[in-house]
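> Here the working numbering = 1-based position in the sequence shown + 40.
One structure, as structure tokens, below. Some questions next.
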Amino acid sequence: MFALCNAKPVEHELIPAIGDNPPVKVTFPAQPSLLSLRAARRATVEALRGGGAEAEERAADAFTTTLIRHNIVSWSGIGDADGKPVEPTQDVEHRDVDGNVTSVEPGTISMFLAEPRLVEAADQLWVLPWAMADAEKNGLSLSPNGTSAGATQEADTASSSATPESSADAETTPADQPAPTSDTKRARKRAK
């Protein structure tokens with residue numbers, strides 16, 4: 041049966057309080073939005089198309105950062121260079137009269153994504169648990185009594201291979217004649 045998730049947003053502590061600095065906490069929805077999943081898939085495909093030695097790593101990073109970018113609801117413990125608290129904001133695109141992007145003003149979420157410690161913590165606490173739970177809901181979890189690595193052996197499961205013992209009765213001799221077969225080649229037809 042498909043299990044519905046809780047719809048309430050969840051707050052995760054990404055970095056604990058250190059001295060006078062408050063903990064860094066970020067609130068995410070219970071699961072990513074459809075818009076963010078589509079954007080994350082597009083970013084993953086684009087990274088894979090770029091190719092190269094680390095294409096898979098870049099694709100995984102693109103998936104993670106895109107999900108985080110589109111799903112931050114709020115945060116606390118994050119401030120600017122002067123120590124003043126800042127709110128999460130998206131990038132702002134400036135366009136010309138034809139609709140072409142002329143410049144992009146980075147928001148605070150882009151600055152958040154530039155900090156590897158914050159991204160890694162958000163990945164471990166929100167993205168990865170959601171992805172694992174989603175995989176289990178969609179039948180990608182280990183089979184309890186199948187042939188996967190996580191399967192447990194049941195009492196009726198064979199514990200030895202099914203390789204038959206050799207038998208002298210099943211031998212063939214080189215003197216055996218092959219069975220006669222008819223010619224399967226079709227005759228050519230004359231052109232009209």
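For every residue, glycine included, the Cβ atom is placed at its ideal position computed from N, Cα and C.
1) Are residue 119 and residue 63 close, meaning C-beta to C-beta below 8 Å?
2) In whole angstroms, what separates the C-alpha of residue 55 from that of residue 137?
3) Taking the C-alpha atoms as reference points, what is the distance between residue 148 and residue 92?
4) Considering only residues of the same chain and omitting the five flanking positions on each side of residue 104, which have a CB-CB separation below 6 Å?
5) Suppose you measure from the CA of residue 191 to the CA of residue 170; what does that come to, to the nearest Å?
6) Please state the DSSP three-state secondary structure of residue 104.
7) Label residue 183 either buried or exposed according to how many other C-beta atoms from any shown protein chain fall within 10 Å of its C-beta, with 16 as the threshold for buried.
8) Measuring CA to CA, which of 226, 114, 146 and 156 is closest to residue 66?
9) Curious, which full-length alpha helix (DSSP H) runs of at least 4 residues does the stretch 83-133 contain?
10) Classify residue 50 as helix, strand or coil using the three-state DSSP reduction.
11) Which residue comes first and which comes last in the beta strand (DSSP E) that contains residue 145?
12) Please tell me whether residue 79 and residue 106 are closer than 8 Å, where the distance is taken between their beta carbons.
13) So the beta strand (DSSP E) residue 66 belongs to, where does it begin and stop?
14) Excluding the five sequence neighbours on either side, which residues of its own chain have a C-beta within less than 8 Å of the C-beta of residue 75, listed in chain order?
15) Tell me, to the nearest whole angstrom, how far the beta carbon of residue 102 is from that of residue 121; I am working on the premise that it is less than 8 Å.
16) Counting C-beta neighbours from all protein chains within 10 Å, is the total for residue 108 16 or more, i.e. buried, or is it exposed?
Here's the rundown:
1) Translated into the one-based positions of the sequence shown, residue 119 becomes position 79. Translated into the one-based positions of the sequence shown, residue 63 becomes position 23. In this structure, residue 63 does not lie closer than 8 Å to residue 119 by Cβ.
2) For the purposes of this step, residue 55 is taken as residue 15 along the sequence shown, with counting starting at 1. For the purposes of this step, residue 137 is taken as residue 97 along the sequence shown, with counting starting at 1. Between residue 55 and residue 137, the C-alpha separation is close to 44 Å.
3) Looking up residue 148 in the sequence shown gives position 108. Looking up residue 92 in the sequence shown gives position 52. Distance between the alpha carbons of residue 148 and residue 92 is about 30 Å.
4) For this step, residue 104 is matched to residue 64 along the sequence shown. Only 163 and 167 meet the Cβ criterion.
5) Counting from one through the sequence shown, the residue named residue 191 turns up at place 151. Counting from one through the sequence shown, the residue named residue 170 turns up at place 130. Residue confidence for residue 191 is low, a pLDDT of 47 falling below 50, so the modelled location carries little weight; the figure read from the coordinates is stated next. Cα-Cα distance, rounded: 23 Å.
6) Stepping through the sequence shown from its first residue, residue 104 is reached at position 64. Helix at residue 104.
7) In the sequence shown, the residue the question calls residue 183 occupies position 143. Here residue 183 scores only 49 on pLDDT, less than 50, and its place in the model should not be relied on; the value that follows carries that caveat. Residue 183 comes out exposed.
8) Residue 66 sits at position 26 when you count from the first residue of the sequence shown. The candidate whose alpha carbon is nearest that of residue 66 is 114.
9) 95-111
10) As a first step, residue 50 is located in the sequence shown; it is residue number 10 there, counting from the start. In the structure shown, the three-state DSSP call for residue 50 is strand.
11) Locating residue 145 in the sequence shown gives position 105, counting from the first residue. Element bounds for residue 145: 141-145.
12) On the sequence shown, position 39 is the one that residue 79 refers to. On the sequence shown, position 66 is the one that residue 106 refers to. In this structure, residue 106 lies closer than 8 Å to residue 79 by Cβ.
13) To locate residue 66, count along the sequence shown from 1; it is residue 26. Where residue 66 is concerned, the enclosing beta strand (DSSP E) stretches over 64-68.
14) The count along the sequence shown starts at 1 and reaches residue 75 at position 35. Within the same chain, residue 75 has close Cβ partners 110.
15) The sequence position of residue 102 within the sequence shown is 62, counting from 1. The sequence position of residue 121 within the sequence shown is 81, counting from 1. For a cut-off of 8 Å, the C-beta gap from residue 102 to residue 121 is around 28 Å, too long to register as a contact.
16) Translated into the one-based positions of the sequence shown, residue 108 becomes position 68. When all chains shown are included, residue 108 counts as buried.
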